[in-house]
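Worksheet: one structure, shown below.
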Amino acid sequence: MHLTRAYSAFGNGGVMVTPHIIKSITDADTGEVIYKDTEDKNLAIKQVIKPETAATVVNEMVNAVTYQEGLPNRRATGYLADGGAVPLAIKTGTAEIAGAGGYSKSGEEISSYATIAPANDPRFFMYTVLVNPQANYLDFLGTLVKNIANKTTNYLTKKSNGMVVEKNTYRTYLGDYTNSPMNEVVQELKAQGLQVTTLGEGNVVKQFPEPNQVISNNQQIILRGDGQVDPQKLVGKSVGEARGIC
């Protein structure tokens, strides 16, 4: 529970929340709800880290799963959890087992995956532990986590009628580029793999999404500069995007 609480800050833009075990208890025969936790499940404790710090941590956890240049065999420590429909952010762990009088004898340990999913739009946290793992345990653990994450996301998607997020997306922090040279901002954002549309030229006078937000890397960024706006560049944009920048 303490780990769940701590990791919640990374998936909530730096805000730590309180985890709960039981939401409600329903009588299987009558359908009557005989117990319901009335405490607000989204009760924010406090802002413990900056949003950009949380986004950076999640991005580094994504790197523990995905194909990496420069690593032996180009494999990250959590690579066996990669390949599912849902992008995962994982912190792998190995630790000796603590007991009365100290730690366990050599060879006895736990292996764990702390998983935030989906990585680009966190909706749940999962902590999976194997005690005294045997040979090829990473294959089992990676497959287990991947399958649970896929099924859980599918369930939440059906429940909310939302959309399953695309693989290979992640969250990043969008700073304030107001009054900065348009060409320099475009170059910087594109270097991060972000999609940018410019309206006008000169310095940035307005941006969409608004500054200092955690966004998905596949979200369109619109920069409004000086001068007239070419109406053709607004073709295909949502009403919210057009209003936010014009």
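Sequential numbering from 1 applies to the sequence shown in UniProt numbering.
We treat Cβ as the ideally placed atom computed from N, Cα and C, and that holds for glycine.
Everything numeric in this text was worked out from a predicted model, so none of it was measured.
Find the nearest neighbour of residue i within the set the options, judged by alpha-carbon distance.
{"i": "N120", "options": "P133, A135, T143 and A85", "result": "A85"}
{"i": "V145", "options": "V186, L174, K91 and E201", "result": "K91"}
{"i": "K23", "options": "V33, M16 and V17", "result": "V33"}
{"i": "L194", "options": "G200, A135, G175 and N203", "result": "G175"}
{"i": "V17", "options": "Y113, Q47 and D139", "result": "Q47"}
{"i": "V129", "options": "S111, T56 and R123", "result": "S111"}
{"i": "L3", "options": "V57, Y127 and T56", "result": "Y127"}
{"i": "L138", "options": "L80, N59 and I221", "result": "L80"}
{"i": "A64", "options": "I49, G11 and A89", "result": "A89"}
{"i": "P211", "options": "Y177, V62 and L189", "result": "Y177"}
{"i": "R5", "options": "G31, T30 and I45", "result": "I45"}
{"i": "F124", "options": "G99, V205 and I148", "result": "I148"}
{"i": "G202", "options": "E184, L189 and K190", "result": "E184"}
By Cβ distance, which residues of its chain are closer than 7 Å to residue i, with the 5 residues on each side in sequence left out?
{"i": "P118", "result": "V86, P87, T153 and V165"}
{"i": "I49", "result": "A9 and G14"}
{"i": "M1", "result": "P19"}
{"i": "G102", "result": "none"}
{"i": "G142", "result": "G78, L80 and A81"}
In the DSSP assignment, find the alpha helix (DSSP H) that holds residue i and state where it starts and stops.
{"i": "N203", "result": "Element bounds for N203: not the alpha helix (DSSP H) but the beta strand (DSSP E), E201 to F208."}
{"i": "K190", "result": "M182 to A191"}
{"i": "T4", "result": "H2 to G11"}
{"i": "V62", "result": "P51 to N63"}
Can you name, in chain order, every residue of its own chain whose Cβ lies under 8 Å from the Cβ of residue i, other than the five neighbours on each side?
{"i": "E109", "result": "T94, A95, E96, I97, N132 and P133"}
{"i": "D37", "result": "H20, I22, K23 and S24"}
{"i": "G162", "result": "Note that G162 has pLDDT 44, beneath the 50 cutoff, so the model's placement of it is unreliable and the number below is only indicative. Around G162: L156."}
{"i": "V186", "result": "V196, T198 and L223"}
{"i": "P209", "result": "L174, I215, Q219, I221 and G244"}
{"i": "V205", "result": "T178, N179, R224, G225 and D226"}
Tell me the residue span of the beta strand (DSSP E) that contains residue i.
{"i": "L130", "result": "F124 to V131"}
{"i": "T115", "result": "E109 to A117"}
{"i": "D220", "result": "What sits at residue 220 in the sequence shown is Gln, not Asp. Unbroken beta strand (DSSP E) run through Q220: Q220 to D226."}
{"i": "T94", "result": "A89 to E96"}
{"i": "T66", "result": "Careful: T66 lies outside any beta strand (DSSP E) and carries neither H nor E."}
{"i": "T26", "result": "S24 to T26"}
{"i": "Y35", "result": "V33 to K36"}
{"i": "V86", "result": "Segment: none, V86 is in no beta strand (DSSP E) and carries neither H nor E."}
{"i": "V17", "result": "V15 to V17"}
By a C-beta neighbour count over all protein chains shown, 10 Å radius and 16 as the cutoff for buried, is residue i buried or exposed?
{"i": "M182", "result": "buried"}
{"i": "N179", "result": "exposed"}
{"i": "G78", "result": "buried"}
{"i": "residue 247", "result": "Nothing can be reported for residue 247: it is not among the residues displayed for the chain, which extend from 1 to 246."}
{"i": "Q192", "result": "exposed"}
{"i": "Y7", "result": "buried"}
{"i": "Y113", "result": "buried"}
{"i": "A28", "result": "exposed"}
{"i": "G200", "result": "buried"}
Less than 7 Å between the CB of residue i and some heavy atom of the ligand ZN, yes or no?
{"i": "A135", "result": "Summarising the ligand content, the structure contains no ligands, and the ligand ZN is consequently not present."}
Identify, in the order they occur along the chain, each residue of the same chain with its Cβ nearer than 6 Å to the Cβ of residue i, setting aside the five sequence neighbours on each side.
{"i": "E52", "result": "Y173"}
{"i": "G11", "result": "I116 and P122"}
{"i": "K237", "result": "The predicted model places K237 with a pLDDT of 48, which falls under 50 and marks its position as unreliable; any figure quoted below should be read in that light. Same-chain partners within the cutoff: there are none."}
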